[in-house]
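**Q**
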Amino acid sequence: MTLIAEDLLLLLLDDEKGTLAASTYLQTALGGALLVELALGGAVEVEEKRGFWHSAKVRATTPTTPTDPLLAAALATVAEKERSAQDLVNRLGKGVKDDLLASLERRGMVEPRRDKVLGLFPRTTWPAVDSTHEDAVRRALSAALVSGAEPDDRTRALVALLDALGRAHKSVEHQGMSVGEVRKRARALADGDWAAKAVKDAIAASTAAMTAAVAAGGAAAASS
1103 MTLIAEDLLL LLLDDEKGTL AASTYLQTAL GGALLVELAL GGAVEVEEKR GFWHSAKVRA
1163 TTPTTPTDPL LAAALATVAE KERSAQDLVN RLGKGVKDDL LASLERRGMV EPRRDKVLGL
1223 FPRTTWPAVD STHEDAVRRA LSAALVSGAE PDDRTRALVA LLDALGRAHK SVEHQGMSVG
1283 EVRKRARALA DGDWAAKAVK DAIAASTAAM TAAVAAGGAA AASS
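Quick note: the sequence shown, position 124, residue 1226 per the working numbering, numbers continuous.
(1) Taking residue 1162 and residue 1180 to be in contact with their CB atoms under 8 Å, please state how far apart those CB atoms are, rounded to whole angstroms.
(2) Looking at residue 1282: is its Cβ nearer than 9 Å to the Cβ of residue 1316?
(3) Can you tell me the Cα-Cα spacing of residue 1117 and residue 1301, whole angstroms?
(4) Is it buried or exposed for residue 1134, if we count other Cβ within 10 angstroms and need 16 for buried?
(5) Within 10 Å of its beta-carbon, does residue 1273 have 16 or more other beta-carbons around it, so buried, or fewer, so exposed?
(6) Where do the N-terminal and C-terminal ends of the alpha helix (DSSP H) with residue 1293 fall, by residue?
(7) Note the first and the last residue of the continuous alpha helix (DSSP H) segment covering residue 1327.
(8) With a 10 Å radius around its C-beta and 16 neighbouring C-beta atoms as the bar for buried, classify residue 1312 as buried or exposed.
(9) Touching or not, the region 1247–1258 and the region 1215–1232, by the rule of three or more beta carbon pairs under 8 Å?
(10) Counting only the same chain and skipping the five closest in sequence on each side, list residues whose C-beta sits under 6 Å from that of residue 1307.
(11) Sorted by chain position, which residues of the same chain lie with C-beta nearer than 8 Å to residue 1289's C-beta, five sequence neighbours on each side aside?
(12) If you count every other CB in all the chains shown that lies within 10 Å of the CB of residue 1220, and 16 or more means buried, which is it?
(13) Looking at the structure shown, is residue 1237 part of a helix, part of a strand, or coil, going by DSSP?
(14) Considering only their Cβ atoms, is the gap separating residue 1113 from residue 1240 smaller than 9 Å?
(15) For residue 1108 versus residue 1177, is the C-beta spacing smaller than 9 Å?
Spelled out as structure tokens, the structure:
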């Protein structure tokens, strides 16, 4: 099974060009996806935020090491000490993009393509090789966002992460629905009473960090 972070990365990659959308705040997004996956597995909990000046802290709740090496490394970081969720998602996401891409390459889903921009600046893109899994993920998202089907917890979590990035409506074919309707459905799925408190708290903390990153990126772009 792929990680939620891997599915998120696939959805943000252009299948033909191999370039990434939302690259400015990708680190925060991938860190949030890892935190949410740990919460879904019962490995972490997020305390309630107590007042404006008190950030919600995250702590490990299990000594059991996940079998996936990326999740194991993420849990080890959580277990070092209690940190704010916003600090933690950025720590978890630091440098993880390359590890996730390498994992997707090993699975035969993407491949590296190296070239130079303007013949001078080296870059690596990651076009799709086999989109079978990504297509299945998009079908699950479409069923939830467009057809009104009841999604599983992993799909709901992915919807919440995409919604925080402003990408939920860009991940599915609308089939006659407006952008606003798809966004409204995404928000309803993300906010619904569907998961254990630890999972909902992790999603809330992760999406808050992503929303702040997106807002900061927009403000920086506007001032430049």
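Glycine included, C-beta positions come from ideal geometry on N, C-alpha and C.
Remember, predicted model here, so these are calculated numbers, not experimental data.
**A** So, to answer that:
(1) 5 Å
(2) no
(3) Each residue's Cα considered, the two are about 30 Å apart.
(4) The residue in question, residue 1134, is buried, as its Cβ has 16 or more Cβ neighbours within 10 Å.
(5) buried
(6) For residue 1293, the uninterrupted alpha helix (DSSP H) segment begins and ends at 1281–1293.
(7) Examination of residue 1327 is not possible in this model, given that the chain is present from 1103 through 1326 alone.
(8) buried
(9) Taking 8 Å as the limit for Cβ pairs, the verdict is that the region 1215–1232 does not touch the region 1247–1258.
(10) 1148, 1158, 1187
(11) 1265
(12) exposed
(13) helix
(14) Yes. Within cutoff.
(15) no
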